[in-house]
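In our numbering, the protein residues as written are 175 to 362.
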């Protein structure tokens with residue numbers, strides 16, 4: 175892969191505006207992204223520090239499916255209020271997603287060394303390489319995740335007791351994701 179193409183793509187990528195649903199940079203992972211982007215052989219293409227969300231169950235992927243998105247820990251009352259405001263007969267899922275990073279790498283060896291570092295030094299358990307004709311992408315995923323249907327036919331199908339447990343567990347998993355981000359930032 176020609177060096178100039180990598181540098182050209184990196185320059186263009188880093189000029190782009192944030193395209194996330196929130197339309198603002200994810201502060202908890204921003205320092206790590208900045209550190210990666212300062213390296214000659216890498217640049218980030220997408221990132222998320224982890225999130226909790228309520229979304230409509232659907233095969234299509236659009237912004238309209240996301241009813242509530244939190245990139246911070248939540249309280250039982252926040253979740254309960256969000257659930258009460260949802261008025262639909264569609265199935266709604268509660269999800270807690272782990273941190274994820276997509277990093278373009280100059281070479282396959284760069285991608286492999288980044289995956290090795292993330293796994294061995296920062297405990298990111300699910301890492302791999304996506305190779306295309308144009309580039310190598312290291313995909314770094316943590317594994318802390320929760321997902322289940324929470325509303326069916328317009329009714330919450332989980333008890334308050336269960337929701338309290340879910341909020342506690344989701345918050346713990348977010349904290350674990352953030353710890354992994356911090357560890358990786360120290361190792362890069």
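No residue lacks a Cβ here, since even glycine has one placed at the ideal position from N, Cα and C.
Sorted by chain position, which residues of the same chain lie with C-beta nearer than 7 Å to residue i's C-beta, five sequence neighbours on each side aside?
i           : result
residue 353 : none
residue 298 : 292, 314, 315, 316, 354, 358
residue 304 : 311, 313
residue 176 : Its pLDDT being 45, under 50, residue 176 is placed unreliably by the model, and the measurement read from it follows with that caveat. Cβ neighbours of residue 176 beyond the five flanking positions: none.
residue 338 : 250
So, with DSSP's three-state summary, where would you put residue i?
i           : result
residue 342 : helix
residue 271 : strand
residue 185 : helix
residue 312 : strand
residue 260 : coil
residue 355 : helix
residue 255 : helix
residue 360 : helix
residue 329 : strand
residue 347 : helix
Between residue i and the rest of its own chain, which residues show a CB-CB distance below 6 Å, the 5 nearest in sequence each way excluded?
i           : result
residue 345 : 247
residue 257 : 330
residue 231 : 265, 267
residue 300 : 315, 317
residue 184 : 217
residue 190 : none
residue 285 : 279, 303, 310, 312
residue 282 : 310
In the DSSP assignment, find the unbroken beta strand (DSSP E) run with residue i in it and report its ends.
i           : result
residue 318 : Note, residue 318: premise wrong, no beta strand (DSSP E); not H, not E.
Could you name the residues of the same chain whose beta carbon sits closer than 8 Å to that of residue i, not counting the 5 residues immediately before and after it, in chain order?
i           : result
residue 261 : 328
residue 362 : 206, 209, 210, 213, 291
residue 341 : 248, 249, 250, 253
residue 219 : 187, 276, 277, 278, 311
residue 200 : 194, 221, 222, 223, 245
Q. Could you give the uninterrupted runs of the beta strand (DSSP E) lying entirely in the stretch 271–307, keeping only those of 3 residues or more?
A. 274–279, 300–305
(Q) As an exercise, report each continuous alpha helix (DSSP H) stretch of at least 4 residues that is fully enclosed by the stretch 200–246, in chain order. (A) 201–211
Q. Is there contact between the stretch 222–233 and the stretch 265–281, where contact requires at least three CB pairs shorter than 8 Å?
A. yes
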